[in-house]
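Student:
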Amino acid sequence: MFRLLKGFGVTLNYFRQKKVTIQYPEERVAMPPRYRGIHRFFPDKCIVCNLCVQVCPTDVITLTGKKSEENPKKKVIETYNIDFQGCILCDFCTEVCPTDAIVMTARYNNLSSFNRAEHFKDIKWLSDNHIYGNYEESAPAPEAGERGEVK
Amino acid sequence: MSIKTEEMVLNMGPQHPSTHGVFRLKLHVSGETITKAEPVMGYLHRGSEKLAEGFIYTQFIPYTDRLDYLNAMTNNYVYCAGVEKLLGWEIPERAEYLRVITMELNRIASHLVWWGTYLLDIGALSPFLYAFKDREIVLDRLNEISGARMTFNYMRVGGVKWDAPAGWIEKVQETVKQISESIEMFNTLVTGNEIFQSRTIGVGKLTKEQVIDWGLSGPIARASGVNIDLRKTEPYSIYDRFDFDVPVAEEGDAYARYKVRIAEIRESIKIVEQACSQIPAEGEIIHKKGARIMMIKPPAGEAYTRAEASKGEIGVYVVSNGKTKPYRVKLRRPSFVNVAILQDLLVGASIQDVVAIFGSLDVVLGEVDA
Amino acid sequence: MELVYIILYAVITLAVLLGAVTYAILFERKVIGYMQLRPGPNRHGPWGMLQTVADVMKLLMKEDIIPKNADKKVFILAPIIAFVPSFAIFASISWSDNIYGADLNIGLLYFIGISSITTLGVLMGGWSSNNKYSLLGAIRGVAQVISYEIPLVLSVLGVVILVGSLNFRDIVYYQESIGMWLIIPQFLAFVVYMISAIAELNRSPFDLPEAESELVSGYHTEYSGFRFAFFMLAEYVYAYAIAALATTLFLGGWLGPAFLPGIVWFFLKMSVIVFFWFWLRATLPRARVDNLMRFGWKVLIPLALLNIVITSIIKVWMG
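Next up, the structure:
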């Protein structure tokens, strides 16, 4: 009849336990290196093969290349833009890239802003996005705390 | 003098706290009793099936994530399995195990969300937080292996995208142990609670005949005594290698659906534990041709595959005309089929029961409207 | 001169109450937060102390919206009718041996009589909003409050029979004289009282009139800004009043070991009752309308009547 009273014990028990929420702006979740966050771009590696543009399901990548000055047979990247209004962070661009010029970092914040134009990231922004991730030149991932927050 | 009376039409939604998304119910009510119910859907329609025709095969996988976003792994799987059937590919052993582990983990996460939100609908505040706390550790595991918390995009035609990171299998074993401890707590807090039982027992009764006539599937069907679980009746992937039960209840009310789902979490835990101990230590994770995602070109033909998602039977029908893009993709979404029963199920119920019934169907609107 | 005292007392009580309600809301959110493994409000001020202040500021500064098809006069009047009685009943509460408002001989009757006017505000608010959810919420609210008013009053009668007075101060003095709180001889009455009080207050698990997952927000769906604030204020002030009544009747009012002043004991006992309500809210799901009614009429009223019978027999037997 009074099995509902047992529930009070459960809630009281939780009352005493340590709180698990992460206080966001001060503490942040440490994402694993594989996390598919905002891209990083390495202009030197890019061979302007256009595969990422072709594979992108939402058509948010645009790029232009020019002839290399040293070796006229090769092409170098000139502009590279990702429009994060439409990017679904599916990781296909990274997957098809033969030289790992476009990679994903574990950066998950600052994807929202009050201005549409800010979602349009250019080659400079993407190259300067020095966040760890699942790629060779990456800095090591930070150690996660007990609740998964950045220590 | 006579008083003019008219039937009251109550619009529940599209913006209503307990429709879990943009779903509209037109309820004709007399007092608090419903005389007629009309579900109106389509507010979230994105034309996924049509979109698929413009994509190469792999490009559609992230879109399957966004159907039933709480159970994206199974959606990934059923679509990939459909294309694999067209191609006639054998999937590497380790990939199959990784698929099963992630699918079952995802089923646990999906049922936990249902548990929390259902109790929130019924008016208990805390279970929602407890469920999300436990779901969080499951999502952490899925995040570690796939790089996303909900829209996994983890499976590929021919296998999976990534191998498990070092120590991941052990972590999964630890996680499911924690979940099964939490289930005990859930039972203490909720299952035995008399108020909860009075809200759910005998509410939204579905008969076996109704289930079959309306083509309902998943825990809803099993709670009405229809013993159908594709993992058992038509084992896909490697489900025939695991020892698990299919929880079935006879009552067909909201409480039976609740019990079936809680029992299913336990069965999923069993499967994950077995898969974790059986998984080959190393091996291929994707078919040798699967990694070149731009080159997948199935021969002309058609294939239908189905799988048991957390909401019910999800099916994908793929037609190929021998090009790199599918000719047609049809998705059989369990929530879409299940939600249709509302027009019969709600008649005679009170407004308060609407929430209890609608919640017990466990509908995800991303899947209803596709 | 007496009039000045009365006004002064009323103003001070109102100020104290506003402060108390502010922190009751914070307390509620903290308690529920802690039970849900989160720290609760913690951004405004140290330990979230200014959270409610910020909320109230927001409500007061919001645009005053009256729906176009609402019954304007009733719509405006409803929050006032809901709030005034819940505040007026505090006149009869005796906080300690020497801090009290009106020493009414019919204190209990006054309390119960005035407090039931609040229901009218709920009905008016729900009706005048011209919103289907509000209307349903108001219907539920009125049905529920009226049904639970009866066991509430009946449970209190046991105390009245024992003490032989409706005066709150007499009731406390009686508890002092017999050397125990009335919760012991009147335990059944206390249980009935607590359950029907929750329903009276529309608090979880009987918060049907404002069930947010069904009726969006119940009778005050269309209210915003300071009118909404008035409804909220009425709700919490009334909660305090009911807790104060329980303290007086069953928990010995201001009685307690002498190392703390009486009024502190009074507030402590009230806080325990209020904490209990928050605990309920964090634990239980919402009850069903029909079960709620059945429970009130078929379980609580017979129990309360039984208690009256037992109490009368004891009273006669003991002389």
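Protein chains in written order, with the working numbering: chain L, 1 to 151; chain A, 1001 to 1370; chain E, 2001 to 2319. We treat Cβ as the ideally placed atom computed from N, Cα and C, and that holds for glycine.
When DSSP builds the beta bridges, which residues end up paired with A1303 of chain A?
Tutor: According to DSSP, A1303 of chain A bridges with A:V1318.
Student: Counting only beta-carbon separations shorter than 8 angstroms, does C97 of chain L have a partner in chain A?
Tutor: So, not an interface residue.
Student: From the DSSP output, read off the bridge partner residues of S1030 of chain A.
Tutor: Answer is A:T1033.
Student: So who's on the other strand from S1350 of chain A, going by DSSP bridges?
Tutor: Per DSSP, A:T1033.
Student: Evaluate the contact criterion for the region 1192 to 1210 of chain A versus the region 1292 to 1300 of chain A: three or more CB pairs, one atom per stretch, below 8 angstroms.
Tutor: Not touching, per the Cβ criterion.
Student: For my contact list, R107 of chain L and I131 of chain L are in at a C-beta cut-off of 8 angstroms; report their separation, rounded to the angstrom.
Tutor: Yes, R107 of chain L and I131 of chain L are in contact; Cβ-Cβ is about 4 angstroms, under 8 angstroms.
Student: Using 8 angstroms as the threshold, is the C-beta distance between P1092 of chain A and H1287 of chain A below it?
Tutor: Cβ distance < 8 angstroms, so P1092 of chain A and H1287 of chain A count as in contact.
Student: Using a Cβ-Cβ cut-off of 7 angstroms (strictly less than) and excluding sequence neighbours within five positions of L2305 of chain E, which residues of its own chain qualify?
Tutor: Answer for L2305 of chain E: L2154, listed in chain order.
Student: Pairing CB atoms from the region 1099 to 1117 of chain A with CB atoms from the region 1245 to 1257 of chain A, are three or more of them under 8 angstroms?
Tutor: Result no; under three Cβ-Cβ pairs closer than 8 angstroms.
Student: Can you name, in chain order, every residue of its own chain whose Cβ lies under 6 angstroms from the Cβ of F2168 of chain E, other than the five neighbours on each side?
Tutor: These residues qualify, in order along the chain: S2094, G2107, T2248.
Student: Would you be able to state if there are at least three C-beta pairs under 8 angstroms between the region 2187 to 2204 of chain E and the region 2292 to 2303 of chain E?
Tutor: With the cut-off at 8 angstroms, the region 2292 to 2303 of chain E and the region 2187 to 2204 of chain E touch.
Student: Measuring CA to CA, which of E:M2318, E:W2047, E:A2024 is closest to A2241 of chain E?
Tutor: Here the closest residue by C-alpha is E:A2024.
Student: Among the residues of its own chain, which have a CB less than 6 angstroms from the CB of G1042 of chain A, if the five just before and after it don't count?
Tutor: Once the five neighbours on either side are set aside, the close Cβ partners of G1042 of chain A are D1369.
Student: Going along chain E, which residues have a C-beta under 9 angstroms from L1051 of chain A?
Tutor: What L1051 of chain A touches in chain E: nothing, since even the nearest Cβ is about 34 angstroms away.
Student: Straight-line CA distance for G2040 of chain E to Q2051 of chain E?
Tutor: Approximately 10 angstroms, taken between the alpha carbons.
Student: Under three-state DSSP, which class holds Y80 of chain L?
Tutor: The answer is strand: DSSP assigns Y80 of chain L an E or B state.
Student: What three-state label does DSSP hand Y2100 of chain E in the structure shown?
Tutor: Residue state, collapsed to three classes: strand.
Student: Can you give me the Cβ contacts of R1107 of chain A inside the same chain, cut-off strictly under 6 angstroms, excluding the 5 residues immediately before and after it?
Tutor: The answer, listed in chain order, is S1268, S1310.
Student: By how many angstroms is the C-alpha of K1259 of chain A removed from the C-alpha of I1314 of chain A?
Tutor: About 22 angstroms.
Student: My guess is that W2277 of chain E and I2198 of chain E are in contact by the Cβ rule of under 8 angstroms, so how many angstroms apart are they, rounded?
Tutor: Confirmed, Cβ separation roughly 7 angstroms.
Student: Could you tell me whether the Cβ of K124 of chain L comes closer than 8 angstroms to any Cβ of chain E?
Tutor: Output row for K124 of chain L: interface = no.
Student: Thinking C-beta only, is D2170 of chain E closer than 8 angstroms to R2286 of chain E?
Tutor: No, the pair does not count as a contact, with Cβ atoms beyond the cut-off.
Student: Below 8 angstroms between beta carbons: does that hold for I2065 of chain E and G2121 of chain E?
Tutor: No, the Cβ-Cβ distance between I2065 of chain E and G2121 of chain E is not below 8 angstroms.
Student: Just the Cα atoms here: how many angstroms apart are F2075 of chain E and P33 of chain L?
Tutor: Distance between the alpha carbons of F2075 of chain E and P33 of chain L: 57 angstroms.
Student: So, does the region 66 to 84 of chain L touch the region 116 to 129 of chain L, judging by three or more C-beta pairs under 8 angstroms?
Tutor: At 8 angstroms Cβ cutoff, the stretches touch.
Student: Could you name the residues of chain E that L111 of chain L contacts, counting a contact when the two beta carbons are closer than 8 angstroms?
Tutor: Under the 8 angstroms cutoff, chain E gives no residues; its nearest Cβ is about 23 angstroms from L111 of chain L.
Student: For G1161 of chain A, which residues from the same chain have a beta carbon less than 6 angstroms from its beta carbon, with the 5 sequence-adjacent residues on both sides left out?
Tutor: It should be noted that the sequence gives Lys, not Gly, for residue 1161 of chain A. Cβ neighbours of K1161 of chain A beyond the five flanking positions: Y1154.
Student: Out of A:D1065, A:G1348, A:I1061, A:A1052, which has the shortest C-alpha to C-alpha gap to V1364 of chain A?
Tutor: Measuring from the Cα of V1364 of chain A, the nearest candidate turns out to be A:D1065.
Student: Between which two residues does the beta strand (DSSP E) holding K67 of chain L run?
Tutor: Unbroken beta strand (DSSP E) run through K67 of chain L: 61 to 67.
Student: Tell me, please, which residues DSSP counts as bridged to P1039 of chain A.
Tutor: A:L1025.
Student: Under 8 angstroms between the Cβ atoms of I1034 of chain A and V1347 of chain A?
Tutor: Cβ distance < 8 angstroms, so I1034 of chain A and V1347 of chain A count as in contact.
Student: Report buried or exposed for F2083 of chain E, applying the criterion of at least 16 other Cβ atoms within 10 angstroms of its Cβ.
Tutor: F2083 of chain E comes out buried.
Student: According to the neighbour-count rule (16 or more other Cβ atoms, all chains shown, within 10 Å of its Cβ), is P1039 of chain A buried or exposed?
Tutor: Burial call: buried.
Student: Quick check on W2279 of chain E - is its C-beta less than 8 angstroms from some C-beta in chain L?
Tutor: Closer than 8 angstroms to some Cβ of chain L, the Cβ of W2279 of chain E qualifies, so yes.
Student: Does DSSP classify M1295 of chain A as helix, strand or coil?
Tutor: M1295 of chain A: helix per DSSP, three-state reduction.
Student: Taking its Cβ as the centre, do 16 or more other Cβ atoms sit within 10 Å of T94 of chain L, making it buried, or is it exposed?
Tutor: Label assigned to T94 of chain L: buried.
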